[in-house]
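>
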Amino acid sequence: MRLPLIAPADLTDAQKPLYADMKQGIASNFSDFKTLADNGALMGPWNPWLHEPVIGKAVWDLTKAMSMQATLPDPARQVAILVTGAHFDAAYELYAHIAVAEREGMPPKRLSELCANVKPADLDAEEGVAYDVAFALVNGGVLPEPCYRLAVDTFGQHGANELIYLVGLYALVSMTLNGFNVPVPERE
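Heads up, the sequence shown is in the working numbering, so the first residue is -12 and it goes up one at a time.
So, in structure tokens, the structure goes:
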């Protein structure tokens, strides 16, 4: 870990409102995995964002918009997030979203395949589109027209837009986690 965890007692005046907002949002939307250290410090990508409160607030606002106002079906969202995390080998992201996917009933074989950069054969139509779009985007270049059209046909224009932004957000989350060598807590 390259940035020390910031205990609530050590927060600056600039960090305090961001910490409070992140802690509240995390409690209501990210409860499937460990996000707080024993001393109340935020873990995961939230700690690096807290170190740079202006940038961190901007990323957190995007995260809230993408999480709390999501319209994509959650199984498709989790597939796209796991494809992105696996591509970048972002350990905390995989840890966190495996926990979410497990709670939602995603089978272990599918989780294993997604984490190994393999397209599972048992994806439904929406999950398959989410996989294809995420896989194409994280591997670079313009999203192929058939993938884009299928995303629009499957999710509507807004849903296709949301899927593209979601992959971009989780690429940013992955870079945050990997750039600052954010550790993964032990599973409970």
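Quick reminder that beta carbons are idealized off the backbone N, C-alpha and C, glycines included. As the structure is a prediction and not an experimental result, all values here were calculated from the model.
Could you give the DSSP three-state label for Leu(-10): helix, strand or coil?
Looking at Leu(-10) - three-state DSSP - the assignment turns out to be coil, as it is neither helix nor strand.
> Return the Cβ separation of Ala179 and Thr141 in integer angstroms, given the expectation that the two are a contact with Cβ distance under 8 Å.
The first residue shown for the chain is -12 and the last is 175, placing residue 179 beyond what the model contains.
> Helix, strand or coil for Leu29? Go by DSSP, reduced to three states.
If DSSP states are grouped into helix, strand and coil, Leu29 belongs with the strands.
> Does Leu59 come out as helix, strand or coil in the three-state DSSP assignment?
Reduced to three states, the DSSP call for Leu59 is coil.
> What three-state label does DSSP hand Leu23 in the structure shown?
In the structure shown, Leu23 sits in a strand (DSSP, three-state: E or B).
> Could you pull the start and end residues of the alpha helix (DSSP H) that Val125 belongs to?
That run of the alpha helix (DSSP H) goes Ala112 to Val125.
> Beta-carbon separation of Ile68 and Tyr157 under 7 Å?
Contact flag set, yes.
> Apart from the five residues on each side of it in sequence, which residues of its chain come closer than 7 Å, Cβ to Cβ, to Pro131?
Answer for Pro131: Ala123, listed in chain order.
> In whole angstroms, what separates the C-alpha of Met(-12) from that of Asp119?
One C-alpha to the other measures close to 33 Å.
> Looking at C-beta atoms only, is the number of pairs between the region 60 to 75 and the region -11 to -3 that lie closer than 8 Å three or more?
No, they do not touch.
> When DSSP labels each residue in this structure, what does Phe17 get in the three-state scheme?
If DSSP states are grouped into helix, strand and coil, Phe17 belongs with coil.
> Extract the residue ranges of the alpha helix (DSSP H) inside the region 84 to 113, only unbroken runs of 4 or more that lie entirely within it.
The qualifying runs are 95 to 102.
> How about Gly190 and Leu49: do their beta carbons lie closer than 7 Å?
The structure shown does not extend to residue 190, since the chain is modelled only from -12 through 175, so no value can be given for it.
> Mapping the DSSP letters down to three states, classify Pro172 as helix, strand or coil.
Pro172 falls in the coil class under three-state DSSP.
> Do you know offhand how far Leu185's Cα is from Met55's?
Limits of the chain in this structure are -12 at one end and 175 at the other, which puts residue 185 out of reach.
> Are the beta-carbon atoms belonging to Val116 and Ala138 less than 7 Å from one another?
Yes.
> How would you label Leu15, buried or exposed, when you count the other beta carbons within 10 angstroms and need 16 or more for buried?
First, the residue type needs correcting, since residue 15 is Ser and not Leu in the sequence shown. Ser15 comes out exposed.
> Could you tell me the alpha carbon to alpha carbon distance between Tyr6 and Leu29, rounded to whole angstroms?
Going from the Cα of Tyr6 to the Cα of Leu29 covers about 8 Å.
> So which of Met53, Asp25, Asn34 and Val70 has the shortest CA-CA distance to Leu110?
Ranking Met53, Asp25, Asn34 and Val70 by Cα distance to Leu110 puts Val70 first.
> Between which two residues does the alpha helix (DSSP H) containing Phe167 stretch?
Taken as a continuous stretch (DSSP letters only), Phe167 belongs to no alpha helix (DSSP H), as it is neither H nor E.
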